[in-house]
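Contents: one structure, followed by commentary.
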Amino acid sequence: MLLSELSAFLRQSKQLAIVLPDGSLVPRHFHVTEVGEVTRRFIDCGGTRRHERVVNLQLWSANDYDHRLAPEKFSHILDLAQRELGIGNLEVEVEYQGAETIQKFGLAIVDDRLQLTGKATDCLAKDNCGIPPAKKLVSLGNFVAKPSATSCAPGSGCC
Numbered sequence: 178m179l180l181s182e183l184s185a186f187l188r189q190s191k192q193l194a195i196v197l198p199d200g201s202l203v204p205r206h207f208h209v210t211e212v213g214e215v216t217r218r219f220i221d222c223g224g225t226r227r228h229e230r231v232v233n234l235q236l237w238s239a240n241d242y243d244h245r246l247a248p249e250k251f252s253h254i255l256d257l258a259q260r261e262l263g264i265g266n267l268e269v270e271v272e273y274q275g276a277e278t279i280q281k282f283g284l285a286i287v288d289d290r291l292q293l294t295g296k297a298t299d300c301l302a303k304d305n306c307g308i309p310p311a312k313k314l315v316s317l318g319n320f321v322a323k324p325s326a327t328s329c330a331p332g333s334g335c336c
């Protein structure tokens with residue numbers, strides 16, 4: 178999801194719910210503790226230089242159970258970050274405290290709620306690493322045997 182899509186969603190929302198990949202909700206008393214732009218410059222295992230920029234949101238839940246972040250306030254925080262930091266319309270990633278460490282998620286809109294989506298690692302230079310391309314899966318149910326004079330069918334007495 179791009180930052181502009183998140184901003185548009187927040188402007189039209191009356192309440193805010195964020196769903197974790199397992200279906201549970203981020204506690205409604207969460208805080209947005211950081212909004213920033215993260216830039217990664219790296220080289221993949223094939224030697225290709227790469228550059229990635231994302232908007233990073235950090236969510237945090239404290240013990241102030243009466244706290245509720247309204248969509249308007251969330252939108253104001255994003256607007257402030259864009260104005261003060263010059264953040265562009267980039268892909269959004271979310272950091273949230275897991276059981277033992279910070280977890281990173283993508284973000285999507287599902288059924289008028291924000292859905293944290295899983296992220297996964299991948300090799301960016303498979304052709305240089307000797308990793309074979311994924312094989313195309315074929316359903317054997319689509320194949321029908323053609324009858325022939327030498328075929329043996331049930332009840333034909335050939336067996």
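Using our numbering, count along the sequence shown one by one with no gaps and you end on 336.
Backbone N, C-alpha and C define an ideal beta-carbon position, used for all residues, glycine too.
Taking a contact to mean a Cβ-Cβ separation below 8 Å, would you say residue i touches residue j in this structure?
i, j, result
"L187", "L267", "no"
"R227", "D221", "yes"
"V209", "L234", "yes"
"I308", "M178", "no"
"P248", "L301", "no"
"L246", "V269", "no"
If you run the structure through DSSP and keep just helix, strand and coil, what is residue i?
i, result
"N240", "coil"
"L180", "helix"
"L202", "strand"
"R245", "coil"
Please name the residue or residues paired with residue i in a DSSP beta bridge.
i, result
"E214", "V232"
"H208", "W237"
"I195", "L291"
TODO: Entirely within the segment 261-301 and at least 3 residues each: give me those beta strand (DSSP E) ranges in chain order.
DONE: 269-274, 279-287 and 290-294
TODO: Decide if the segment 280-295 is in contact with the segment 255-263; the criterion is three or more beta carbon pairs, one per stretch, under 8 Å apart.
DONE: no
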